[in-house]
Amino acid sequence: MEEKKFDINSIIGFILLFGIMIWYFYQNQPTPEELEAQKKADSEQVEAETKTSKQDEPLTAITTAEDYSNGSATDSLQQIALRNKLGAFAYASTLPSATDAVTEVETEVLSLKFNNKGGHLAEVKLKKFVDYNDKPIYLVKDGNTNLNINFATTDNRTLNTESLYFQPKVTKNGENTVVSMKLKVSESKFLEYRYELKPNDYMIDFSIQSQGLDGVVNSSQEVNLDWKLKGYRHDQSISYENRYTRLTYEYEGDKVDKLAQMNDDAEVMSDVSWISYRQHFFSSIMVPDSPFKSASLSSKDLVEDEEVDSVYTKLYASKMPLVVKGGNFSTNMGLYYGPTDAKILKGYDKNLEESIPFGWGIFGWINKAVFIPLFGFLSGFLPYGIAIIVMTILVKILLSFVQYKQFLSQAKMKILKPELEAIRAKYKDNKLKAQQETMALQNKAGASPLSGCLPGLMQIPVFYALFMFFPTAFDLRQKSFLWADDLSSYDSIAELPFNIPFYGDHVSLFPILAAIAIFFYMKMTTGQQTAMQGPPQEGMPDMSKMMKYMIYFSPLLMLIFFNNYASGLSLYYFISNLISIGIMLVIKNYIIDEEKVLAKIEVSKSKPKKQNRFQKKMAEMMEQAEKQKQAQQRAKKK
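What the sequence shown shows, in full-length UniProt numbering, is residues 1 to 638, in sequence order.
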C-alpha cells in the first residue's frame with residue numbers, strides 16, 4: 001500500500017487558514033460601548049430573577065427585614081439564602097461587625113474579651129491569681145463556655161443567639177465601663193446584651209433587653225436561656241480539686257442544695273435565686289435579680305483518670321425559660337467571675353457564701369461562727385502556717401476539759417478492774433447477774449464506759465468542721481510554710497516514678513508526721529483502755545484485739561488518704577495529736593492522783609444510789625434478753 005505524506009502545499013494551506021481565523025476574531029471583538037451595554041442587560045436580567053425569588057418568599061421574611069425591602073435591587077443569591085435562613089435577623093449578618101472579632105475590656109481585677117458572634121464572653125482572666133504552674137487563671141477561654149438564647153420567630157424559624165452576630169459598643173457610665181452587644185433586626189429593632197463593669201469588682205451587671213421585637217419573636221413559644229461551662233483545672237491535684245468542684249444553687253427562698261460531687265447528676269428546680277459553677281477556689285455564678293421560675297441543672301464529671309484527664313474537671317449546664325411579653329423580654333442579673341472567698345461573696349448580701357461547703361448543720365455553724373473568724377483574725381498578723389498552729393493550740397486548750405473527763409473515766413475503770421474481774425468470776429455461770437452487778441458497781445463508783453465515750457463524741461463536730469474548713473479556706477491558697485509551697489495543696493517532698501492507687505505519685509511529709517503522732521497517741525490511749533478490759537464475754541467480740549488493730553489502721557488511713565489532701569489540714573492533725581499526747585502526760589502525771597480517785601470511789605460506793613431511767617431500761621433489756629436465751633435453751637433440750 002502506498003504511504004500518504006503531507007506535501008509543502010498542504011502545510012502552507014493550513015497556515016493561511018489559521019491566520020485568517022485569528023484575524024477574523026480580532027476584527028469582531030466587542031467595543032467598550034458594546035461591553036457596557038451587555039453588562040447592563042445582564043444586570044436587568046439578575047434584577048428580574050431576584051424579584052421573582054422575593055415573590056416566592058414568605059411575606060414575613062420581606063416585611064420584617066426592613067433594610068432588605070427598601071429598594072435593594074441588587075441582592076446577591078447569598079443574601080437571599082441568608083434571609084431565608086435567618087429572616088429578620090439576617091440584617092445583623094450584613095453589618096461590618098459580622099465577624100468573629102472580639103472586644104477587649106479590663107478592670108483592676110478582670111481582663112475580658114467579648115465575642116461578636118454570640119455576644120457573650122470569649123475570655124475571662126483573673127488578673128490577681130495564677131494556677132499551680134504560675135500561669136494566669138482563666139475561667140473562660142477557648143470556647144469552654146456558652147450563653148445562648150433559643151427562641152422561635154413569627155415566620156416559623158428557630159434561632160440561637162450563639163450563631164448570630166452582635167454589634168459591640170463600649171461606653172463609660174461614670175467610673176463604670178459599659179459593653180453593649182446588639183443583635184439587630186434594624187437600627188431601631190434589636191436584642192441587646194448589656195454588661196456593666198465596676199472598678200475592683202468581680203460581679204458584672206448583666207442585662208438582656210429587647211426592643212421592637214413584638215412582630216419578630218413568637219411569644220407563644222418558650223424563650224430559653226442556656227448557660228454552659230467546662231471547668232478548667234487550676235490545682236496541683238485534679239482529683240482533689242474535682243472533689244470540691246460542684247454545681248450549687250439556691251431555691252425557694254434560702255434553701256441551698258448541690259448536684260452530685262463525683263457522679264453525673266441532673267435536677268429541675270423552681271424559684272432558683274442563683275446558680276454557682278464552683279471550681280474549688282474559683283467560681284462562676286449567675287445571680288438573677290428575680291428568681292428563675294424554673295431551672296434545669298446538670299453536671300457531668302469529666303475526670304475518669306487523673307493520668308489522662310488533666311484539662312477539665314466538670315461540665316455544667318443550666319436552662320432557664322425567660323418571661324416574654326408581646327415578643328419582648330427583659331432580664332437583669334449579675335455574673336460573678338472570681339475567687340470562692342467567703343469574705344468577698346458575703347459582701348454581695350445574696351447568701352452566695354453558702355455555695356462554699358463549710359459542712360451541714362452544726363459543722364457549718366462551727367466553721368462560720370468560730371473557725372473562719374478566728375483564723376481570719378490570727379492570719380491578719382501571723383504567717384499562715386503559724387496561724388494554723390496557734391489556732392490548733394487554742395482549740396486543744398478549749399477541749400482539754402473533755403480530754404480530762406475522758407482520762408478520768410479511764411482511770412476509774414482501771415481502779416475498778418480487780419472488782420469487775422471478781423464479779424465475772426463469781427457469776428461466770430450467770431451472765432445476767434454478772435452484768436447487773438457490774439452495772440451496779442459502776443453506778444455506785446460513779447464510773448461508766450459511757451462516761452469515757454461521751455467526751456470523745458463531743459470532739460467529733462470540731463474534728464469534722466476543721467476537716468471541711470481547711471480544704472475550702474481560700475486564704476491558704478498558695479501560702480507556704482516550711483517545705484510546703486501551698487497549704488491548700490499537698491506538700492510533696494519526693495516524686496515517684498509510678499502511681500500508687502489511692503496514694504498517688506508523690507510523697508507528702510505532713511501526713512507522715514501526723515500518722516506517727518496518731519500512732520503514739522492511740523498507743524497510749526488504747527493501752528489504757530485495754531488495761532481496763534476483762535476477758536471477752538461469750539458471744540461478744542474481743543474489743544482488745546479490735547483496739548490493737550485500730551492502733552495501726554488509723555495511722556495507715558491518715559498516711560494514704562491525706563497524701564493528696566491540703567497540707568494545712570495534715571499540719572493541724574500533726575500538731576493536734578502532739579498537743580493531745582502532751583495533755584495526756586500532764587493529766588496522768590500531775591493532775592490525776594489514782595489514790596485520791598480511789599478514795600472518792602470508796603466514798604461514792606458507800607452512798608446509796610438509785611438507777612436513772614437509762615440504767616433501769618438497760619437492766620430490763622438485759623433481763624429480758626437473758627430470759628429469752630434461757631427459754632431457747634429449754635426448747636432445745638426438749
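Even for Gly, the Cβ is constructed at its ideal location relative to N, Cα and C.
Self-check item: Reduced DSSP category for V268 - H, G, I as helix; E, B as strand; rest coil
Solution: Counting from one through the sequence shown, the residue named residue 268 turns up at place 268. Strand, per DSSP.
Quiz prompt | Stretch pair the region 113-131 + the region 154-166: three plus CB contacts closer than 8 Å | solution = yes
Practice problem: For the alpha helix (DSSP H) holding Y195, just list the boundary residues, first then last. | Solution: Taking the first residue of the sequence shown as position 1, residue 195 is located at position 195. Where Y195 is concerned, there is no enclosing alpha helix (DSSP H), although the beta strand (DSSP E) it sits in stretches over 190-197.
Practice problem: Could you check the C-alpha separation between V223 and A152 for me, to the nearest Å? | Solution: Locating residue 223 in the sequence shown gives position 223, where the first residue counts as 1. Locating residue 152 in the sequence shown gives position 152, where the first residue counts as 1. Their Cα atoms are separated by approximately 7 Å.
Quiz item: Using the beta-carbon count (16 or more within 10 Å), is T472 buried or exposed?
Solution: On the sequence shown, position 472 is the one that residue 472 refers to. With 16 or more other Cβ atoms within 10 Å, it is buried.
Quiz prompt | Of the residues V140, N351, D134, the one placed nearest K228, counting alpha carbons only | solution = Here residue 228 corresponds to residue number 228 of the sequence shown, with the count starting at 1. Comparing Cα-Cα distances from K228 to each of V140, N351, D134, the minimum goes to V140.
Exercise. Go ahead and label P373 buried or exposed: buried means 16 or more other beta carbons lie within 10 angstroms of its beta carbon, across all protein chains shown.
Key: Along the sequence shown, one-based indexing puts residue 373 at 373. Burial call: exposed.
Quiz item: Based on Cα-Cα distance, which residue from V402, W274, V130 lies nearest to Y348?
Solution: Here residue 348 corresponds to residue number 348 of the sequence shown, with the count starting at 1. Cα-wise, what sits closest to Y348 is W274.
Quiz prompt | H506 to L496 span [Cα, whole Å] | solution = By one-based count along the sequence shown, residue 506 stands at place 506. By one-based count along the sequence shown, residue 496 stands at place 496. About 5 Å.
Quiz item: Is DSSP giving S294 helix, strand or coil here?
Solution: The residue you call residue 294 lines up with position 294 of the sequence shown. Reduced to three states, the DSSP call for S294 is strand.
Self-check item: Separation of L585 from L335, as counted between CA atoms
Solution: In the sequence shown, residue 335 corresponds to position 335, counting from 1. In the sequence shown, residue 585 corresponds to position 585, counting from 1. Approximately 55 Å, taken between the alpha carbons.
Quiz item: Is it buried or exposed for E421, if we count other Cβ within 10 angstroms and need 16 for buried?
Solution: Counted from its first residue, the sequence shown places residue 421 at position 421. Its Cβ having fewer than 16 others within 10 Å, E421 is exposed.
Quiz prompt | Whole-angstrom C-beta distance between Y249 and V272, which should lie under 8 Å | solution = Taking the first residue of the sequence shown as position 1, residue 272 is located at position 272. Taking the first residue of the sequence shown as position 1, residue 249 is located at position 249. About 6 Å separates the two Cβ atoms, so the contact holds.
Quiz item: If we call anything under 9 Å between Cβ atoms a contact, is S489 one with Y240?
Solution: Here residue 489 is taken as the residue at index 489 of the sequence shown, counted from 1. Here residue 240 is taken as the residue at index 240 of the sequence shown, counted from 1. In contact: S489 and Y240 (Cβ atoms closer than 9 Å).
Quiz item: Which same chain residues, not among the five before or five after Y572, have their C-beta less than 7 Å away from its C-beta?
Solution: For the purposes of this step, residue 572 is identified with residue 572 of the sequence shown, where counting begins at 1. Around Y572: I388, T392, L466, F470.
Self-check item: Per-residue burial, G143 [other beta carbons within 10 Å of its own, 16 or more giving buried]
Solution: Translated into the one-based positions of the sequence shown, residue 143 becomes position 143. Exposed is the call here.
Practice problem: Please confirm whether A92 and A101 have their CB atoms less than 9 Å apart. | Solution: Stepping through the sequence shown from its first residue, residue 92 is reached at position 92. Stepping through the sequence shown from its first residue, residue 101 is reached at position 101. Cβ distance not < 9 Å, so A92 and A101 don't count as in contact.
Quiz item: For D254, which option in S220, R233, L352, P199 has the closest C-alpha, if you only look at C-alpha atoms?
Solution: Walking along the sequence shown from the start, residue 254 turns up at place 254. Closest by alpha carbon: L352.
Exercise. Select from V462, N577, N148, L559 the residue whose C-alpha is nearest the C-alpha of G364.
Key: Position 364 of the sequence shown holds residue 364. It is V462 whose Cα lies nearest to the Cα of G364.
Quiz item: For L225, which residues does DSSP report across the bridge?
Solution: Taking the first residue of the sequence shown as position 1, residue 225 is located at position 225. L225 pairs with I149, M320.
Self-check item: Those runs of the beta strand (DSSP E) which lie wholly inside the region 95-135 and span at least 3 residues
Solution: 102-106, 110-115, 121-130
Quiz item: Among E304, A317, T94, which has the Cα closest to the Cα of M286?
Solution: As a first step, residue 286 must be located in the sequence shown, where it is residue number 286. Taking only the C-alpha atoms, the option nearest M286 is A317.
Quiz prompt | Beta-bridge partners of R246, as assigned by DSSP | solution = In the sequence shown, counting from the first residue as 1, residue 246 sits at position 246. Note: R246 sits in a beta bridge opposite R278.
Exercise. Please classify T154: does DSSP put it in a helix, a strand, or coil?
Key: Walking along the sequence shown from the start, residue 154 turns up at place 154. Coil.
Self-check item: F474 beta carbon less than 9 Å from that of T331
Solution: The residue labelled residue 331 in the question sits at position 331 within the sequence shown. The residue labelled residue 474 in the question sits at position 474 within the sequence shown. No, these two residues do not count as a Cβ contact at 9 Å.
Exercise. Please state whether DSSP places P501 in a helix, a strand or coil.
Key: Counted from its first residue, the sequence shown places residue 501 at position 501. Coil, per DSSP.
Quiz item: Nearest to S188 by CA position, among R157, I362, A88, is which residue?
Solution: As a first step, residue 188 is located in the sequence shown; it is residue number 188 there, counting from the start. Looking at the Cα atoms, A88 is the closest of the given residues.
Self-check item: Anticipated Cβ contact below 8 Å, G385 with Y312, distance rounded
Solution: Reading the sequence shown from its first residue, position 385 is the one you call residue 385. Reading the sequence shown from its first residue, position 312 is the one you call residue 312. Not quite, the Cβ-Cβ distance comes to about 32 Å (not below 8 Å), so this is no contact.
Exercise. With distances taken Cα to Cα, identify the nearest neighbour of P126 among H234, I208, I581.
Key: If you number the sequence shown from 1, residue 126 lands on position 126. Residue 126 is actually Leu in this sequence, not Pro. For L126, the nearest C-alpha among the options comes from H234.
Quiz prompt | Nonlocal neighbours in the same chain, by C-beta distance under 7 Å from S379, ignoring five residues either side | solution = As a working note, residue 379 is residue 379 in the sequence shown. The residues are A387, D475.
Quiz item: Under three-state DSSP, which class holds A65?
Solution: Along the sequence shown, read from residue 1 onward, the residue named residue 65 stands at position 65. Residue confidence is low: A65 scores 37 on pLDDT, short of 50, so the model does not pin down where it sits. No coordinate-derived value is stated.
Quiz item: Does DSSP put L398 in a helix, in a strand, or in coil?
Solution: Within the sequence shown, the letter at position 398 stands for residue 398. It is helical.
Quiz item: Using a Cβ-Cβ cut-off of 7 Å (strictly less than) and excluding sequence neighbours within five positions of K291, which residues of its own chain qualify?
Solution: Your numbering for residue 291 matches position 291 in the sequence shown. At residue 291 the sequence reads Pro, which differs from the Lys that was named. D271, V272, S273, listed in sequence order.
Practice problem: On the DSSP bridge assignment, give the partners of Q211 in chain order. | Solution: On the sequence shown, residue 211 is found 211 positions in, with the first residue counted as 1. F190.
Quiz item: How many Å lie between D226 and K314 at the Cα?
Solution: Translated into the one-based positions of the sequence shown, residue 226 becomes position 226. Translated into the one-based positions of the sequence shown, residue 314 becomes position 314. Going from the Cα of D226 to the Cα of K314 covers about 17 Å.
Quiz item: Residue range of the alpha helix (DSSP H) that L335 falls in?
Solution: By 1-based counting over the sequence shown, the position of residue 335 is 335. Premise fails: L335 lies in the beta strand (DSSP E), 328-339, not in any alpha helix (DSSP H).
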